[in-house]
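Only one structure is covered here, and it is reproduced in the block below.
2 protein chains.
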Amino acid sequence: MANLKQLAAELSLSVTTVSRALKDGPEVHPSTIARVKDAAKRVGYLPNHHGYALKTGRTLTITAVYPMETQDHLSDLLKLPLIEGMTLAARQAGYSLSIYSTTPDDDPVESVQRQLQARSTDGLIITRMVSGDPRVKLLLDAGMPFVTFGRTNLDTPYPYVDVDNEQIAYEATRRLADSGCRRIALQLLVPEDQASAMRLSGYQRALAEAGIPIDQSLIGHGMFTMESSAAWFDRLLGSPDPPTGLACANELGLLGALHVLGKRGLAPGKDVHIVTRDSTRLARFLPAKIGVHSVDMAGVGRTLVEVLERRIANPLGPVETILFKGEFEPGE
Amino acid sequence: MANLKQLAAELSLSVTTVSRALKDGPEVHPSTIARVKDAAKRVGYLPNHHGYALKTGRTLTITAVYPMETQDHLSDLLKLPLIEGMTLAARQAGYSLSIYSTTPDDDPVESVQRQLQARSTDGLIITRMVSGDPRVKLLLDAGMPFVTFGRTNLDTPYPYVDVDNEQIAYEATRRLADSGCRRIALQLLVPEDQASAMRLSGYQRALAEAGIPIDQSLIGHGMFTMESSAAWFDRLLGSPDPPTGLACANELGLLGALHVLGKRGLAPGKDVHIVTRDSTRLARFLPAKIGVHSVDMAGVGRTLVEVLERRIANPLGPVETILFKGEFEPGE
DNA sequence: GAATGCAATCGTAACGTTACGATTCAAAAA
DNA sequence: TTTTTGAATCGTAACGTTACGATTGCATTC
């Protein structure tokens with residue numbers, strides 16, 4: 001309701017002094033500071049974001065570029081704790097969090113360029129990293145603070161927070177092999193993504209160790225939805241040499257697979273061994289024996305914001321790179 | 333990178349003319365408009381949000397106040413499609429969507445007041461309506477455009493988008509009664525919420541019609557998590573006169589209940605009939621016979637933004653109130 | 001040929017904030 | 001007394017935008 005000018009008039013002070021008093025400027029008398037702060041609280045003064053932003057160039061907003069797979073289907077559930085972690089941390093740090101959704105039709109590079117040009121954000125969180133991701137160079141060149149969720153292969157250092165997908169997929173595959181599975185199916189999301197590439201790599205490493213040859217037909221791509229997962233797994237189970245182990249991409253992939261098993265009268269944990277990624281603790285509640293790799297996605301979201309925040313405060317500071325490990329819990 | 337002044341200098345025009353040209357002002361020559369737009373595109377001019385906001389008072393941002401139940405547990409999954417619907421619609425309408433998370437510690441009224449004072453948003457989406465919600469009056473008095481997700485009992489009209497919880501709970505209870513259940517348990521979320529009140533009302537109406545007396549011990553509150561749902565349902569099943577029907581609050585409540593059934597060796601759809609709300613189509617993929625009421629939450633999110641958008645454009649226009657029906661699918 | 005009208009363009013102020021360089025005034029130093 | 005110091009406060013410009021009221025110049029009218 002009130003602005004600095006009105007506040008200054010009420011106190012018979014200059015705008016400058018009031019402005020300085022509110023941020024404890026050393027050049028203004030302590031008693032004046034107290035008087036100003038009192039009045040500010042009384043009239044409910046809050047600084048105008050846009051005046052501030054225009055003058056200082058700091059927008060007090062960070063933007064998360066949020067990729068959606070499809071328009072109609074449910075997204076990967078890990079995004080919910082991720083968003084919640086981000087929003088809470090952002091609020092705590094005094095930032096607004098703006099979510100910029102992109103559909104598969106959007107060019108990811110162009111989305112970032114638009115954010116850069118609009119200059120209406122102090123920092124960017126980008127996800128869905130691809131090999132040699134051009135967005136990193138773009139952001140580095142523009143001097144825009146950012147963090148990525150996921151990594152890419154570049155020689156220049158940049159801040160990221162990632163989940164150790166290689167390790168998780170390795171362990172998952174390893175567990176299945178240890179359970180006696182020789183034909184192990186693997187679900188992947190966006191194949192060109194770094195995350196999927198890492199999972200594939202961990203899968204291959206575990207298979208190599210177990211002396212199991214790789215069968216491309218057991219590797220499924222684009223498992224975004226329960227439907228696609230179910231269709232793929234059904235096809236696989238109907239093949240001459242069906243899998244006896246399955247590493248699911250996430251909760252949705254798992255549910256799709258369980259759906260098919262139920263229809264075919266097969267028992268998870270007996271006919272087919274299953275291990276899944278699960279960021280929602282949902283799989284653990286299913287009445288079936290399923291190995292679960294969980295990652296603290298709310299923590300990832302929080303960390304993304306915190307790293308970005310430090311990056312904004314000190315753009316030339318150390319480049320933080322943080323890796324979240326998965327925690328494994330065998331099925332009950 | 334460029335601003336109006338630079339653009340004007342490059343074109344040897346005044347800032348005024350350039351500004352007008354960019355918004356097709358009738359007073360500037362068509363050929364000039366073309367020339368200006370050309371140059372703008374060439375140098376990648378994008379208007380500065382904060383200059384614009386400061387001058388016009390329009391921030392081009394809308395804010396969704398997003399209530400979280402707990403810090404550690406997974407939130408109601410319906411929030412994911414809700415958020416996605418909102419972000420997409422906001423972007424389409426040329427608005428940024430800012431998410432303002434609140435924890436149970438936050439006073440909801442104060443959260444709204446803060447948004448009002450900060451004046452950094454063009455409109456507000458609030459949820460979790462309670463009886464006689466004071467926020468509505470607050471926002472009406474302040475003249476801040478808003479939409480609520482959910483309703484409250486007030487004599488002044490205000491725009492809302494809601495789900496017909498009464499009808500859904502009525503139908504769910506009705507189905508269970510039709511299946512022969514006489515003891516029907518009901519899960520509720522926030523008891524003081526209007527949404528829960530409506531569900532309770534629908535539940536009571538169906539029971540009254542079926543001639544079944546109401547047993548308060550069958551009504552569970554605070555079923556936010558799979559854990560609380562499981563604990564509650566387990567206690568219920570261990571009681572002398574256990575329920576034979578269950579209406580779940582959402583997917584998480586369902587999974588908690590299924591977990592308990594599995595542990596006790598009971599079969600859903602046989603020993604206990606189950607109907608649930610499901611906004612993620614997740615329940616339909618579970619290998620169990622479960623009746624499902626689904627609501628298009630992405631549509632709700634989209635609609636919230638669209639109504640708000642119209643409200644902002646025309647604050648004195650008709651007050652829109654929209655009710656989403658649930659769609660029922662019996663278990664396979 | 002002067003006056004009128006109209007289309008096109010321009011200059012300036014203002015939104016609320018911060019930052020820089022004054023300016024004031026009393027107390028300490030000369 | 002005069003000068004210097006320093007603390008406290010003030011005035012003004014600027015960030016990028018829009019909106020209002022000029023101003024220009026050319027064709028039309030009397």
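As they're listed, the protein sequences go chains A and B.
The first sequence begins at 1 in this note's numbering and counts up one residue at a time.
The second sequence begins at 333 in this note's numbering and counts up one residue at a time.
Ideal Cβ placement from N, Cα and C applies to all residues, glycine included.
Taking DSSP's pairing of strands, which residues face A/ASP386 in a bridge?
This structure gives no information on residue 386 of chain A, because the portion of chain A shown stretches from 1 to 332.
A/LEU186, DSSP secondary structure in three states:
DSSP places A/LEU186 within a strand segment (E or B) once states are collapsed to three.
Hey, could you find the ends of the alpha helix (DSSP H) B/PRO399 is sitting in?
Element bounds for B/PRO399: not the alpha helix (DSSP H) but the beta strand (DSSP E), 393-399.
Please name the residues in the stretch 604-631 of chain B whose beta-carbon is closer than 9 Å to at least one beta-carbon of chain A, in chain order.
SER611, THR612, ARG613, LEU614, ARG616, PHE617, LEU618, PRO619, ALA620, ALA630
Can B/GLY585 and B/SER549 be called in contact, C-beta distance under 8 Å?
no
Can you check whether the CB of B/ILE457 is closer than 8 Å to the CB of B/VAL479?
yes
Leaving aside the five residues before and after B/ARG507 along the sequence, list all residues of the same chain whose C-beta is less than 7 Å from its C-beta, in chain order.
Once the five neighbours on either side are set aside, the close Cβ partners of B/ARG507 are VAL607, GLY623.
Would DSSP call B/ALA425 helix, strand or coil?
coil
Decide yes or no for the touch test of the stretch 262-269 of chain A against the stretch 75-94 of chain A: beta carbon pairs closer than 8 Å, at least 3 of them.
no
Cα-Cα separation, A/GLU69 to A/PHE224
7 Å
Only counting runs of 3 or more residues, tell me where the beta strand (DSSP E) segments fall wholly within the stretch 225-301 of chain A, in order along the chain.
245-248, 273-277, 291-294
Report yes if the CB atom of A/ALA257 is closer than 8 Å to the CB atom of A/TYR203, and no otherwise.
no
If the cut-off is 7 Å on Cβ atoms, which residues from the stretch 35-55 of chain A count as contacting chain B, listed in chain order?
GLY44, LEU46, ASN48, HIS49, HIS50, GLY51, ALA53, LEU54
Helix, strand or coil at B/SER433 according to DSSP, with G and I counted as helix:
The answer is strand: DSSP assigns B/SER433 an E or B state.
Within its chain, find whatever has a CB closer than 6 Å to the CB of A/GLN187; leave out the 5 residues flanking it on each side and keep chain order.
GLY220, MET223, CYS248, ALA249, GLY253
Starting from A/ILE33, follow the alpha helix (DSSP H) in both directions and report where the run begins and ends.
30-43
Could you list the residues in the stretch 113-133 of chain A with a C-beta less than 7 Å from some C-beta on chain B, going in chain order?
From the stretch 113-133 of chain A, only GLN117, ALA118, ARG119, SER120 have a Cβ closer than 7 Å to chain B.
With three or more beta-carbon pairs closer than 8 Å as the criterion, would you say the stretch 432-441 of chain B touches the stretch 632-644 of chain B?
no
Could you give the distance in angstroms between the alpha-carbon of B/ARG642 and the alpha-carbon of B/THR388?
18 Å
Could you list the residues in the stretch 9-35 of chain A with a C-beta less than 7 Å from some C-beta on chain B, going in chain order?
none
So B/GLY570 contacts chain A; which residues on that side make the cut at Cβ distance below 9 Å?
Ordered by position in chain A, no residue passes the 9 Å Cβ test against B/GLY570, which lies about 18 Å from the chain.
Integer Cβ distance of B/VAL711 from B/ILE394, believed to fall under 8 Å
The structure shown has nothing for residue 711 of chain B, since chain B only spans 333 to 664.
In terms of alpha-carbon separation, which member of A/SER196, A/ASN153, A/PHE233, A/ASN3 lies closest to A/ILE168?
Residue A/SER196 holds the alpha-carbon nearest to the alpha-carbon of A/ILE168 among A/SER196, A/ASN153, A/PHE233, A/ASN3.
I'd like to know if B/THR480 contacts chain A, where contact means its C-beta is closer than 8 Å to some C-beta of that chain.
no
To be precise: take each residue of the stretch 210-224 of chain A, compare its Cβ to all Cβ atoms of chain B, and keep it if any distance is under 9 Å. Which residues remain?
Those would be none; no residue qualifies.
Hey, how far is the Cα of B/ALA340 from the Cα of B/VAL375?
Each residue's alpha carbon lies about 12 Å from the other.
Under 7 Å Cβ-Cβ, which residues of chain A neighbour B/GLU416?
MET68, SER75, SER101
Tell me the start and end of each unbroken beta strand (DSSP E) in the stretch 128-177 of chain A that is at least 3 residues and wholly inside, in chain order.
146-149, 160-163
Can you round the beta-carbon distance between B/LYS337 and B/VAL347 to whole angstroms, since I take them to be within the 8 Å contact cut?
6 Å
Identify every residue that forms a DSSP beta bridge with B/ASP525.
Note: B/ASP525 sits in a beta bridge opposite B/VAL462.
Skipping 5 residues on each side, what residues in its chain have a beta carbon closer than 6 Å to that of A/ASP162?
Apart from sequence neighbours up to five positions away, the residues of its chain that approach A/ASP162 with a beta-carbon distance below 6 Å are GLY150, ARG151, LEU323, ordered along the chain.
Please report the residue range of the alpha helix (DSSP H) in which B/HIS382 lies.
381-388
Using a C-beta to C-beta distance shorter than 8 Å, which residues of chain A count as neighbours of B/MET558?
ARG281, LEU282, PHE285
My understanding is that A/LEU74 touches B/PRO413, with C-beta atoms under 8 Å, so please give their C-beta distance in whole angstroms.
6 Å
So B/ARG423 contacts chain A; which residues on that side make the cut at Cβ distance below 8 Å?
TYR100, SER101
Specify, as a first and last residue, the run of the alpha helix (DSSP H) that B/SER314 falls within.
Nothing about residue 314 of chain B can be read from this structure; chain B reaches only from 333 to 664.
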